[in-house]
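Going by this note's numbering, the letters in the sequence shown line up with residues 5 to 428, in that order.
Glycine included, each C-beta is placed from N, C-alpha and C at the ideal position.
Model, not experiment: these values are computed from the prediction.
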Amino acid sequence: MFRETYNKYLLTDAGTARLVLVVPSIMPHPLLSSVLSTLFSRWRFPSITLLPSPTMAVAAAGLRSALVVDLGWAETTVTGIYEYREIATKRSTRAMKSLLQETGRFLTRLSSNSNGDVDEISVNFEYCEEVASRFLWCKPQAGDHGSSATSQLTDPQEGDSGPTEEDIASLLHKTVSIPSPSNPSSNYMDIPFSKLSEPVEKVLFAKGVADCDLDDEEKPVALLVYNTLLQLPPDVRGICMSRIVFVGGGANIPGVRQRVLAEVSSLIDQHGWSPVRGKVIEQQRQMLQNLRLNERQTSVNNANDSTPPSPKTSVGKGDQEKRDTEEEEIDPVEEKLRRSRDKDTKPAVQGVLREVESLGPWAGASLVASLKIRSLVEIEREKFLQHGLTGASRDFDTHGHVPDRRSGLRSGGDRSSWTLAGWG
């Protein structure tokens with residue numbers, strides 16, 4: 005694979021080229037060592053730079069901070085990036101692999117006309133992948149009227165007001181023709197369009213499963229995003245929640261992004277930003293709310309009972325002099341500079357759920373490599389051939405690292421411990 009990629013697309017001199025690898029933040033060292041040894045043994049690259057894919061997705065979006073939701077093949081990862089540094093990461097096994105397996109079981113039930121649960125899959129992988137990429141979609145959240153989630157399906161023009169409830173209802177009652185799972189080359193079968201959303205809801209959003217029955221690595225995507233935002237500090241959370249970047253193959257399924265944002269918004273309205281749950285907590289919140297209402301009613305009654313001030317009350321001499329001095333201290337030059345500064349600078353959007361499009365990790369890494377910026381981890385050829393992965397070094401100078409003042413430590417970079425993920 006590497007030889008074909010290099011001979012077909014790169015066609016550069018390996019002696020002077022700079023190779024940049026975009027890899028996940030947490031990658032098994034045996035796999036990474038195998039990739040690096042293959043590259044260093046086949047081609048004579050002087051060094052290889054490692055860049056984390058979530059940070060590169062943020063760079064490709066033109067941002068410095070964001071929440072990256074990667075709906076990948078084996079797992080779904082949600083990573084909080086602040087100033088190009090990873091500060092929080094959560095993972096779930098609800099990803100495209102599980103979705104394709106559920107799609108295979110769904111198509112097997114259709115071909116055998118079975119209504120029960122079928123564990124075996126009788127259709128081939130290519131057919132499942134084709135159906136998943138062409139026909140699967142996601143329903144809007146219940147009570148959301150589907151205006152945002154189905155906009156990708158109907159694709160209204162700019163002048164239109166968007167799909168109405170009647171259009172959505174007619175869309176859900178339509179049928180589509182797909183190749184028969186038993187004989188895709190000759191026969192076709194008609195299925196309701198609404199049924200094609202069942203695998204997505206069951207796998208990515210855990211429909212019909214209580215939260216208490218799920219393990220930590222089986223959380224649905226919306227709850228995973230909410231828990232990651234909950235883990236962030238309040239100031240970082242306000243910035244990241246307004247810059248949510250979706251990447252990966254699962255992000256291309258129509259309606260998934262809007263459904264995730266709608267469910268996260270519902271979780272925020274229901275629980276706020278408190279990790280504490282339970283009936284007692286809800287009772288205490290209700291009691292505090294009643295106390296606030298009672299205090300407000302009492303203050304209004306006291307204000308009505310008090311006598312209004314006399315209209316002939318004159319302003320004291322001291323207060324008048326204080327107002328005059330405040331008016332004299334206003335500098336017109338400072339006022340003009342303040343107005344021009346407020347006009348030029350736009351306030352940063354934060355505190356609201358918002359999606360931001362990204363060109364992807366590959367485009368971000370290409371932009372970073374064109375700027376000739378040094379990465380956090382750079383692996384030199386000679387050191388790798390001698391010491392393996394322990395020959396990799398972290399660049400302390402460009403990342404504001406404070407050196408350890410203890411004696412007996414090796415200088416020039418800590419080769420014993422390095423990672424692309426956030427440092428704890």
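Secondary structure of residue i, DSSP reduced to three states
| i | result |
| --- | --- |
| L67 | coil |
| L341 | helix |
| R22 | coil |
| L2 | Absent from the structure is residue 2, since the part of the chain shown begins at 5 and ends at 428. |
| E359 | strand |
| V39 | helix |
| V304 | helix |
| V353 | coil |
| L413 | Low local confidence applies: a pLDDT of 42 at L413 is under 50, so the model's placement there is unreliable, with the coordinate-based value given in what follows. If DSSP states are grouped into helix, strand and coil, L413 belongs with coil. |
| V213 | coil |
| V280 | coil |
| E8 | helix |
Status (buried if at least 16 other CB within 10 Å, exposed otherwise) for residue i
| i | result |
| --- | --- |
| G66 | exposed |
| Y13 | exposed |
| E338 | exposed |
| A146 | exposed |
| Q262 | buried |
| E106 | buried |
| P279 | exposed |
| A352 | exposed |
| D74 | buried |
| R98 | buried |
| W141 | buried |
| C244 | buried |
| S45 | exposed |
| I430 | Residue 430 lies beyond the residue range present for the chain, which begins at 5 and ends at 428; the question has no answer from this structure. |
| R358 | exposed |
| C132 | buried |
| Y192 | exposed |
| A63 | buried |
| A214 | exposed |
| S344 | exposed |
| R22 | exposed |
| F209 | buried |
| E8 | exposed |
| L43 | buried |
| A70 | buried |
| T232 | buried |
| R95 | buried |
| V127 | buried |
| S221 | Looking at the sequence itself, residue 221 is Glu, so the reference to Ser does not match. Burial call: exposed. |
| G259 | buried |
| G435 | Outside the modelled stretch of the chain, which goes from 5 to 428, sits residue 435, for which no answer is possible. |
Continuous beta strand (DSSP E) stretch holding residue i: start and end
| i | result |
| --- | --- |
| Y192 | 192 to 196 |
DSSP beta-bridge partners of residue i
| i | result |
| --- | --- |
| T179 | P196 |
| F250 | V73 |
| I383 | I52 |
| V225 | Paired residues: none, contrary to the question. |
Span of the alpha helix (DSSP H), counted from its first residue to its last, around residue i
| i | result |
| --- | --- |
| G368 | 365 to 374 |
| P203 | 202 to 208 |
beta-carbon residue i near the ligand GTP non-hydrogen atom, thresh 6 Å
| i | result |
| --- | --- |
| V213 | With respect to small molecules bound, the structure shown includes none, and the ligand GTP cannot be examined in it. |
Beta carbon proximity, residue i to chain C, threshold 7 Å
| i | result |
| --- | --- |
| I285 | The structure shown contains no chain C; it is built from a single protein chain. |
Exercise for the section: For the segment 61 to 140, list the beta strand (DSSP E) runs that are entirely contained and at least 3 residues long, ordered along the chain. Expected result: 70 to 75, 80 to 86, 89 to 96
Problem - Any alpha helix (DSSP H) of 4 or more consecutive residues that is wholly inside the segment 228 to 277 - result: 238 to 244, 260 to 275
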